[in-house]
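For what it's worth, the numbering used here labels the leading residue of the sequence shown as -5, then goes sequentially. Beta carbons: idealized from backbone N, C-alpha and C, even for Gly. Down below is the structure, laid out as structure tokens.
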Amino acid sequence: MMKNTKISQVVFWISVAIVFIGFMENIDALRYDLMVPLIGLGWILHFFYNGNKIDTQSTKSFIYISLLIVLIALPSVLKIFPHAHNLMRYTFYSFAVGMIVKVFSAYSVFAFLKGDINKLEKMIKYVIILNLSMFFLQFIVVFPTGYYIDPLRAITGEHSRYGGGMVIPVIGQVYRCTGFFEEPSTYSGFMVVLLASKLYLNPKVDRVVLAVAASIILSFSVAAIIYGLVIIGYFLLKSKASYLKYILFLLSPLFAAAIIAIALQRLTSLGGDAQDIRSNLNAMVFAQQLPILIFGNGALGIMPAAAEVMNNSGNVFKLGIASLNDNGMWLFFIIKFGFVGLAMIMSYLFFKSKSLLNRIMLLVIFLTKLSFLYFGFIFYFFLVFNNKPVLEEDANEAESEVE
């Protein structure tokens, strides 16, 4: 019995490591070099040492999502208009296998933890804490000293984009901490996904949840400031009446003014180029033919002009447009699957989420610059597909039973 307990603990920490590494999108292929041995070890312990059966619900979810991935790519393979296959180096095999490997990674974690909601929520909480620890370590070191702790540079040789080019009275130079990621907006996006996953399983607003919301705002990414304030605002409105809440309410205009000033300063420091390339991306997307806007270019296709550049140089910036997911995941869905695809995925996740909190988090996820091809979003989708949300009244009943 003691041996099985220790092995279960090892499998739990393997699950933490798999999800933590999986979310580190900026280390590219190195993730799989680290994740594959961990997943293999996890399955060995799961089967041979712990004597566990395969979790039926998670296995069904893995099969259904894998079939869905193949299905959505078929119109591109068969070139059913308006879907196209105009990315020559992006084959059906690379899309399907890449996505299914990520789904299998998420599925493995659910299988290792036997679909236990409490263990899943605890695992996500530890992944959040690891990311928060690096973010706040960077924050408390860089502002007084100017020295930035850059784990991404140590791992990949690439520098994180922490310099904001902003100087604020009293504060001085403003740095935009990135955690284990390349940009503050990327950090904020993945933290939103982790936060949404945690709240889906446990709607309780604890210190970790508040720390995540605070770190999103303190990343000083313009978009992150906006949706960070939305999240904090919801938490304040739903919290119980207290002197602290009253004081925060009175001071909120001051906080909002300070944060908006930083956001405006950041926009000014960017100059016109950053805004222009984002506007150009919107213009290119919405200038497409109506059938393409409705149904998209397909899993293996993008706008023809962008595809031509991608096939030749791989750099869409030559067209004067931003990266295809820079304006938000919502636009990337439109590029790939049109308004119909966006409506379908949003409707499914919206109705499955049930609570206002989960739906707000869902909308915020679609505002981030993440791609639905990333492991982080696939993990979140698998979680929602596989599990019913734990609602606030359910959590309160569980606490009452414990008491």
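Range of the contiguous alpha helix (DSSP H) that encloses glycine 222: Judged by DSSP secondary structure, glycine 222 falls within the alpha helix (DSSP H) whose first and last residues are 216 to 232.
Looking only at C-alpha atoms, which of Tyr181, Ile219, Asn291 sits nearest to leucine 68? Asn291
Give me the DSSP bridge partner(s) of tyrosine 368. For tyrosine 368, which the question treats as bridged, DSSP gives no partner whatsoever.
Which residue comes first and which comes last in the alpha helix (DSSP H) that contains aspartate 27? Residue range 24 to 38 is occupied by the alpha helix (DSSP H) that includes aspartate 27.
Residues of its chain near serine 52, where Cβ-Cβ distance is below 8 Å and the 5 sequence neighbours each way are ignored: Excluding the 5 residues flanking it on each side, serine 52 has same chain C-beta neighbours closer than 8 Å at Tyr101, Phe104, Ala105, Gly109, Asn380, in chain order.
Classify tyrosine 142 as helix, strand or coil using the three-state DSSP reduction. coil
Kindly indicate the opening and closing residues of the alpha helix (DSSP H) around phenylalanine 331. 323 to 347
Going by DSSP in three states, asparagine 125 sits in which element: helix, strand or coil? helix
Isoleucine 111 vs leucine 35 beta-carbon contact at 8 Å: no
What three-state label does DSSP hand threonine 50 in the structure shown? Threonine 50 falls in the helix class under three-state DSSP.
Within 10 Å of its beta-carbon, does phenylalanine 373 have 16 or more other beta-carbons around it, so buried, or fewer, so exposed? buried
Top-ranked residue by Cα proximity to tyrosine 156, from Ile149, Phe129, Pro285: Phe129
Using 8 Å as the threshold, is the segment 342 to 362 in touch with the segment 205 to 225, meaning 3 or more CB pairs across them? yes
For valine 5, name the three-state secondary structure that DSSP assigns. helix
Which stretch, first to last residue, makes up the alpha helix (DSSP H) that contains glutamate 152? Unbroken run through glutamate 152: none, as it is neither H nor E.
Are valine 186 and isoleucine 210 close, meaning C-beta to C-beta below 8 Å? yes
Is aspartate 270 helix, strand or coil by DSSP? Looking at aspartate 270 - three-state DSSP - the assignment turns out to be helix.
Given a cut-off of 8 Å on the beta-carbon distance, is the pair isoleucine 225 and alanine 205 in contact? no
Does DSSP put methionine 117 in a helix, a strand or coil? In this structure, methionine 117 counts as helix in the three-state DSSP scheme.
Kindly indicate which residue of Asn305, Phe333, Leu325 has the alpha-carbon position closest to the one of methionine 82. It is Asn305.
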